[in-house]
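There are 2 protein chains.
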Amino acid sequence: MKDKKILLGHGSGGKLSHRLVADLFFPYLKNPILEQMDDSALIGKLEGELVYTTDSYVVDPIFFSGGDIGKLAVCGTVNDLAMLGAQPRFLSAGFILEEGLPVEQLEKILISMQQAAAEADVQIVTGDTKVVPHGAADKIFINTSGIGIRRPGISISGKNARPGDVVILNGNMAEHGIAVMASREGLDLHVTLSSDVAPLNDMIMKILDMAPDIHVLRDPTRGGVGTTLNEIAIQSGVGIKIIEKDLPVTPEVQGVCEILGLDPLYVANEGKVLIFCAAERVDAILHVLQTHPYGKNSCIIGQVVDQPKGKVFMETRIGGQRLIDMLAGEQLPRIC
Amino acid sequence: MKDKKILLGHGSGGKLSHRLVADLFFPYLKNPILEQMDDSALIGKLEGELVYTTDSYVVDPIFFSGGDIGKLAVCGTVNDLAMLGAQPRFLSAGFILEEGLPVEQLEKILISMQQAAAEADVQIVTGDTKVVPHGAADKIFINTSGIGIRRPGISISGKNARPGDVVILNGNMAEHGIAVMASREGLDLHVTLSSDVAPLNDMIMKILDMAPDIHVLRDPTRGGVGTTLNEIAIQSGVGIKIIEKDLPVTPEVQGVCEILGLDPLYVANEGKVLIFCAAERVDAILHVLQTHPYGKNSCIIGQVVDQPKGKVFMETRIGGQRLIDMLAGEQLPRIC
């Protein structure tokens with residue numbers, strides 16, 4: 041069926057739906073739980089504290105430099121679980137397909153999901169597919185939800201930043217947003233731009249082995265580092281000071297941001313995490329990060345201060361201070 | 041903001057996103073877990089065997105006689121959990137909104153979700169909202185996933201139908217599909233048609249109190265009773281015989297089906313369940329069903345036989361037999 045297109049009947053619940061599942065979804069995603077084929081998946085008893093999350097993915101284009109909507113849908117939800125100190129275990133996947141989507145494209149996306157799920161060591165155990173008429177959706181939207189198990193002895197929350205905490209970022213900003221934007225606009229920029237989309241749970245678990253008392257973990261996705269820091273400042277009732285010269289951005293991404301009039305502080309990342317920890321943990325954490333493939337360019341970008349509460353400000357290159365507000369409007373629609 | 045429309049910025053992750061959550065989602069859906077406002081929801085320890093499911097809802101129109109996409113999104117997922125003998129506990133909700141959607145419509149949908157969640161005694165604990173440009177989606181799509189806890193001592197699966205089992209249905213067929221179809225086409229039929237969409241978990245739990253050894257529960261949604269019976273016949277490797285004169289359909293729905301050229305056996309239900317049980321349990325189950333608001337018109341529609349394995353056949357009114365196949369193509373796109 042690889043040269044075929046998705047038909048409305050593939051979402052009917054009838055014969056074509058069953059064939060789509062059997063011929064396309066199962067070869068890539070199957071596992072004993074998914075194969076139960078009942079209305080729900082029986083996942084059994086889980087010891088420990090559970091963490092639960094959901095995200096819908098509507099990225100445009102669905103294939104971009106460094107990834108596609110399938111890799112994004114698995115990594116994004118895996119990362120949201122890891123941000124609470126949880127080991128991701130089970131994912132659901134809900135597909136909304138536009139009539140006429142080439143089956144070959146869906147297959148590529150399923151292969152990406154399979155690979156990302158294998159790397160993150162999660163199982164996709166329950167799913168659903170709807171098909172809408174041509175024009176009622178744009179190619180494919182994917183929702184993933186996820187269940188993880190929080191490591192014992194962990195207390196991580198956006199509320200836990202404290203004055204004196206150091207703020208670490210595991211690498212260069214804005215790579216996902218700029219890669220998607222360049223793919224969407226067909227920009228020929230003579231530079232290599234690639235999304236940073238990646239499952240971060242392995243790296244996070246290794247950090248927690250060394251420093252289980254981390255205060256805050258959060259991935260700066262939509263809205264970028266600037267918006268995410270504002271959320272944490274508000275939730276924790278603290279000030280956050282960042283240092284402009286320490287913010288990691290590649291010259292290529294910086295250049296494209298300047299051409300497009302974007303501030304990398306507000307551009308989405310999909311393989312980055314902001315880590316807030318006590319100063320005495322910094323060396324151990326940076327060591328773990330810098331020896332991990334997803335943390336090689338990790339660095340300190342700022343610190344938590346007492347005042348002004350709920351605000352983020354930046355020490356600029358010329359020694360001034362600038363307030364960093366939350367993203368106000370919309371820079372880049374359909375970035376994830 | 042009630043006279044406003046949804047903007048791209050409401051999906052940015054920035055200020056407008058936070059305002060949408062604070063001003064619209066929280067007033068209707070909030071609970072202590074949702075209010076944690078971290079990347080994931082910490083739901084804590086859950087005793088017992090967990091059941092997990094997901095469904096995306098793309099129904100057109102989003103408001104129809106007897107319900108709307110919000111009620112559908114809660115009930116559909118609650119019912120999928122109940123079909124495995126699980127008490128639904130936690131839902132996620134992922135919204136994909138089209139730029140320009142009137143906020144007033146979103147608010148109505150959230151009110152429906154709140155009411156359905158309250159009736160089903162579930163909490164919506166984690167959510168996500170994406171906004172796509174006008175024309176990239178049709179008004180609103182909702183994904184809900186759900187976690188339930190299976191009652192101890194239960195073994196319900198589509199694989200468990202056995203020859204001799206009686207097949208019960210809790211009321212009239214095809215009401216959801218026909219109500220949506222009539223609303224979509226603006227049919228003025230001089231009859232009252234209303235979707236049967238409802239959360240069935242309370243009724244299911246009461247049945248399981250009386251008959252914990254039920255073999256199969258399944259809700260005949262997309263593809264209708266005909267397709268769902270075929271799934272069970274295949275999964276269990278049995279034959280299923282249904283009796284045409286015993287199939288419950290109101291004269292109004294039957295009439296509309298005839299006008300539209302639809303077979304009610306293949307039209308979607310959203311408040312119905314097929315129950316397979318040993319003959320000696322039938323009286324107790326029918327008693328519980330017929331005294332429950334969602335089971336008043338319950339009746340026996342057929343039985344499980346040894347042959348032909350994997351097939352469904354109907355004893356017709358004139359005494360003949362007819363093979364009932366799975367729905368082949370697509371009768372009614374975007375019915376749920």
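Going down the list, the sequences are from chains C and H. The letter at position 45 of the first sequence is residue 85 when you use our numbering, and the numbering goes up by one with no holes. The letter at position 274 of the second sequence is residue 314 when you use our numbering, and the numbering goes up by one with no holes. By construction, the Cβ of each residue, glycine as well, lies at the ideal position given by its N, Cα and C atoms. Computed from a prediction, not measured in an experiment: that's the story for all the values here.
Following the DSSP letters along the chain, one finds C:Ser132 inside the beta strand (DSSP E) bounded by residues 126-138. Within 10 angstroms of the beta-carbon of H:Asn212 lie 16 or more other beta-carbons, which makes it buried. Contact between H:Val172 and C:Val98 holds: their C-beta atoms lie close to 5 Å from each other, under 8 Å.
Annotated as proximal: H:Val165 and H:Leu74, with beta-carbon spacing under 8 Å. In this structure, C:Ile282 lies near C:Ile364, with their beta-carbon atoms less than 8 Å apart. Per DSSP, the unbroken beta strand (DSSP E) holding H:Glu89 starts and ends at 89-97. In the structure shown, the three-state DSSP call for H:Asp108 is strand.
Residues of the region 134-164 of chain H with a C-beta less than 9 Å from any C-beta of chain C: Gly134, Phe135, Ile136, Glu139, listed in chain order. Think of a sphere of 9 Å around the beta carbon of C:Lys85: the chain H residues whose beta carbon falls inside it are Leu86, Glu87, Gly88, Glu89, Leu90, in chain order. Taking all protein chains in view, the Cβ of C:His216 is crowded by 16 or more other Cβ atoms within 10 Å, so the residue is classified as buried.
Shown here for H:Gly266: same chain residues with a beta carbon closer than 6 Å to its own, the five before and five after excluded, namely Leu305, Tyr306, Ile364 in chain order. Taken in chain order, the members of the region 89-110 of chain C whose beta-carbon sits within less than 9 Å of a beta-carbon on chain H are Glu89, Leu90, Val91, Tyr92, Thr93, Thr94, Asp95, Ser96, Tyr97, Val98, Asp100. Rounded to the nearest whole angstrom, the C-alpha separation of C:Gly53 and C:Val61 is 10 Å.
Interface annotation, C:Lys351: not in contact with chain H, CB-CB separation never under 8 Å. A Cβ-Cβ distance of about 5 Å is found for the pair H:Ile341 and H:Asp286, placing them in contact under the 8 Å criterion. The alpha carbon of H:Ile254 has as its nearest neighbour, out of H:Glu147, H:Val313, H:Gly350, H:Lys70, the alpha carbon of H:Val313. Counting only residues of its own chain and dropping the five nearest sequence neighbours on each side, H:Ile196 has a CB closer than 8 Å to the CB of Met123, Leu124, Gly125, Ile254, His255, Val256, Leu257.
Counting C-beta pairs closer than 8 Å gives fewer than three between the region 83-99 of chain C and the region 139-147 of chain H, which falls short of the contact rule. The DSSP-derived three-state label of H:Glu355 is strand.
Listed in chain order, the positions of the region 58-81 of chain C with a beta carbon within less than 9 Å of a beta carbon of chain H are His58, Ile73, Gln76, Met77, Asp78, Asp79, Ser80, Ala81. H:Met221 does not reach chain C, its nearest Cβ partner there being about 14 Å away, counting only Cβ pairs nearer than 9 Å.
In this structure H:Gly116 does not touch H:Ile149 by the C-beta definition: roughly 14 Å separates them, more than the 8 Å allowed. Residue state for H:Pro67 is assigned as helix, using DSSP reduced to three classes. Judged by their CB atoms, C:Gly167 and C:Ala133 are nearer to each other than the 8 Å cut-off.
The beta carbon of C:Val322 is closer than 6 Å to those of Val206 in its chain, skipping five residues each way along the sequence.
Residues of the region 300-325 of chain C whose Cβ lies closer than 7 Å to any Cβ of chain H: none. In its chain, beyond the 5 residues on either side, Gly198, Lys199, Asn200, Ala201, Arg202, Val256, Val344 have a beta carbon closer than 8 Å to the beta carbon of H:Ser276.
Listed by position along chain H, the residues whose Cβ is nearer than 8 Å to that of C:Glu225 form an empty set, because the closest Cβ is around 15 Å away. With contact defined as three or more Cβ pairs closer than 8 Å, the region 156-164 of chain C and the region 289-301 of chain C are not in contact. The shortest C-alpha to C-alpha distance from C:Gly204 to any of C:Leu48, C:Gln347, C:Glu87 is the one to C:Gln347.
The C-beta of H:Asp43 has fewer than 16 other C-beta atoms within 10 Å across all chains shown, which makes the residue exposed. In this structure, the alpha-carbon of C:Cys376 lies about 28 Å from that of H:Val118. Under a criterion of Cβ atoms nearer than 7 Å, the residues of chain H adjacent to C:Arg374 are, in order, Val172.
Cβ contact annotation for H:Gly49 (same chain, cutoff 6 Å, sequence separation greater than five): Leu56, in chain order. DSSP lists H:Lys45 as the beta-bridge partner residues of H:Pro142.
Excluding the 5 residues flanking it on each side, C:Asn241 has same chain C-beta neighbours closer than 6 Å at Val118, Ala122, Pro128, Ala160, in chain order.
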